[in-house]
Amino acid sequence: MIHTNIPIFSSFALAFGCTKIFKKIYASFDSVKTYKSKKTILVIDPFTTLLNYKFSFWKFNYIFTKRHFTEEFIFNLGYMYDIIFITDNSLINKNIYDFIDPLGISVYRMYTRNKKGEIEHLKKENKVIILENKDTEDSCSLNIKPFGLLSSKYELFDVVNFLTTLNFMKEKNHIKILEFYKNKDFYISFDKIQKKLYQMRNMLNLFSVNRYEEIKRQIYKEKINNYKINKEELLKYK
Numbered sequence: 000m001i002h003t004n005i006p007i008f009s010s011f012a013l014a015f016g017c018t019k020i021f022k023k024i025y026a027s028f029d030s031v032k033t034y035k036s037k038k039t040i041l042v043i044d045p046f047t048t049l050l051n052y053k054f055s056f057w058k059f060n061y062i063f064t065k066r067h068f069t070e071e072f073i074f075n076l077g078y079m080y081d082i083i084f085i086t087d088n089s090l091i092n093k094n095i096y097d098f099i100d101p102l103g104i105s106v107y108r109m110y111t112r113n114k115k116g117e118i119e120h121l122k123k124e125n126k127v128i129i130l131e132n133k134d135t136e137d138s139c140s141l142n143i144k145p146f147g148l149l150s151s152k153y154e155l156f157d158v159v160n161f162l163t164t165l166n167f168m169k170e171k172n173h174i175k176i177l178e179f180y181k182n183k184d185f186y187i188s189f190d191k192i193q194k195k196l197y198q199m200r201n202m203l204n205l206f207s208v209n210r211y212e213e214i215k216r217q218i219y220k221e222k223i224n225n226y227k228i229n230k231e232e233l234l235k236y237k
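Structure representation (structure tokens):
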């Protein structure tokens, strides 16, 4: 997990609308309400899914910790989905968004007091998947639960694999598949299914049948290295 310090005054500035730069970042709610995308929209609240934070009285700063491989997560999904960050947490600011998305892959970054309402507007005109940290009644949401000390550092890559597979399926099956994971630990359930599928495909290959974890780690490391190479190149043009 990676840490950064965000001065408390930058958060206060956002809450009271004191800087021009924030107005630019959180531009035009009307344009978001009328936004139409050919891709499925992936709605993410960074504070519920990608970040932990605490206030340090010693440094008089908020200390933010992002989930392992958050940048790689956004990078890989940005090809398939339009990522929209929507939060009602007034601590949000440009520094935090750049901390989790330094390449600017997300198509919108929003602060709103009515997060649910903004999401409903998006759903009227678009296919939407919402990442949550708890089970909700919304049929298009996926609970990826908050991360903690015992969380696997590769968890977000499991979400990438799931959403990649979902993207290639027929839209009419999306809700049914998302409903399957309701009231379940997504990571445990998804991993069991993937492991079983892998073993079925390799049941006649004695050298591969028990290499599921090894191969999965290898694939994830390739994604990490691929991101590092692309990040260096893309930052040159930002």
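For the sequence shown, numbering that gives the first Met the number 0 begins at 0 and goes up steadily by one. Glycine is no exception: its CB is placed at the ideal position from the N, C-alpha and C atoms.
Would you grab the beta carbon distance between Ser74 and Ile104 for me? Rounded to a whole angstrom, and I think it's under 8 angstroms. Here residue 74 corresponds to residue number 75 of the sequence shown, with the count starting at 1. Here residue 104 corresponds to residue number 105 of the sequence shown, with the count starting at 1. Correcting the residue identity first, residue 74 is Phe in this sequence and not Ser. That pair is a contact at about 6 angstroms.
Under a three-way DSSP split, which group does Thr164 fall into? Taking the sequence shown and counting its residues from 1, one reaches residue 164 at position 165. It is helical.
Leaving out five residues before and five after Ile20 in sequence, what residues of the same chain have Cβ atoms less than 8 angstroms from its Cβ? Taking the sequence shown and counting its residues from 1, the one referred to as residue 20 is at position 21. Only weak support exists for where Ile20 lies, its pLDDT of 32 falling under 50; the value from the coordinates is given anyway. By the criterion of a C-beta distance shorter than 8 angstroms, Ile20 is surrounded in its chain by Lys93, once the five residues flanking it on both sides are discounted.
Could you tell me which residues DSSP puts in a beta bridge with Thr39? For the purposes of this step, residue 39 is taken as the residue at position 40 of the sequence shown. Looking at the DSSP assignment, Thr39 forms a beta bridge with Tyr80.
Quick check: what's the CA-CA separation for Ser138 versus Glu178? For this step, residue 138 is matched to residue 139 along the sequence shown. For this step, residue 178 is matched to residue 179 along the sequence shown. CA-to-CA, the gap between Ser138 and Glu178 works out to about 6 angstroms.
Measure the Cβ-Cβ separation of Ile118 and Asn132 and say whether it is below 9 angstroms. Reading the sequence shown from its first residue, position 119 is the one you call residue 118. Reading the sequence shown from its first residue, position 133 is the one you call residue 132. It is not a contact, given that the beta carbons lie outside the stated cut-off.
Could you round the C-beta distance between Leu155 and Phe185 to whole angstroms and report it? I think they count as a contact, below 8 angstroms. Sequence index remark: in the sequence shown, residue 155 carries index 156 (1-based). Sequence index remark: in the sequence shown, residue 185 carries index 186 (1-based). In this structure, Leu155 and Phe185 do not form a Cβ contact; the two beta carbons are roughly 11 angstroms apart against a cut-off of 8 angstroms.
With distance defined between alpha-carbon atoms, name the residue in Asn60, Tyr96, Ser188 and Gln193 nearest to Ile214. Taking the first residue of the sequence shown as 1, we reach residue 214 at position 215. Minimum Cα distance to Ile214 is reached at Gln193.
For Pro45 and Glu70, believed in contact at Cβ under 8 angstroms, the rounded distance: In the sequence shown, residue 70 corresponds to position 71, counting from 1. In the sequence shown, residue 45 corresponds to position 46, counting from 1. So it is not a contact: roughly 12 angstroms between Cβ atoms.
Since I believe Ser36 is in contact with Asn125 (beta carbons under 8 angstroms), could you give me their beta-carbon distance rounded to a whole number of angstroms? Position 126 of the sequence shown, counted from the start, is the residue given in the question as residue 125. Position 37 of the sequence shown, counted from the start, is the residue given in the question as residue 36. Indeed they touch by this definition, with Cβ atoms about 5 angstroms apart.
Who are the Cβ neighbours of Asp134 in its own chain at under 7 angstroms, not counting the five residues just before and after it? The residue you call residue 134 lines up with position 135 of the sequence shown. So the qualifying residues of the chain are Asn142, Lys181 and Asn182.
Between Thr33 and Leu130, is the Cβ-Cβ spacing less than 9 angstroms? Residue 33 sits at position 34 when you count from the first residue of the sequence shown. Residue 130 sits at position 131 when you count from the first residue of the sequence shown. For Thr33 and Leu130, no; Cβs fall outside 9 angstroms.
Can you list, in chain order, the residues of its chain with a C-beta nearer than 8 angstroms to that of Ile223? Leave out the 5 residues immediately preceding and following it. Taking the sequence shown and counting its residues from 1, the one referred to as residue 223 is at position 224. The answer, listed in chain order, is Phe68 and Glu71.
Contacts around Phe54, its chain only, beta-carbon distance under 7 angstroms, and the 5 residues preceding and following it disregarded: For the purposes of this step, residue 54 is taken as residue 55 along the sequence shown, with counting starting at 1. Tyr61, listed in sequence order.
Compare the Cα-Cα distances from Tyr259 to each of Lys38, Phe161 and Asp157 and report the closest residue. What is shown of the chain runs 0 to 237, which leaves residue 259 out entirely.
Classify Ile82 as buried or exposed, calling it buried when 16 or more other Cβ atoms lie within 10 Å of its own Cβ. As a position in the sequence shown, residue 82 is number 83, starting the count at 1. Buried, by the Cβ-count rule.
If I follow the unbroken beta strand (DSSP E) through Ser55, where does it start and stop? One-based indexing of the sequence shown puts residue 55 at position 56. First-last of the beta strand (DSSP E) with Ser55: Leu50 to Ser55.
Beta strand (DSSP E) segment containing Glu131, residue limits: Along the sequence shown, one-based indexing puts residue 131 at 132. Where Glu131 is concerned, the enclosing beta strand (DSSP E) stretches over Val127 to Glu131.
Less than 9 angstroms separating the beta-carbons of Val42 and Ile174? The count along the sequence shown starts at 1 and reaches residue 42 at position 43. The count along the sequence shown starts at 1 and reaches residue 174 at position 175. No, Cβ-Cβ distance for Val42 and Ile174 is not below 9 angstroms.
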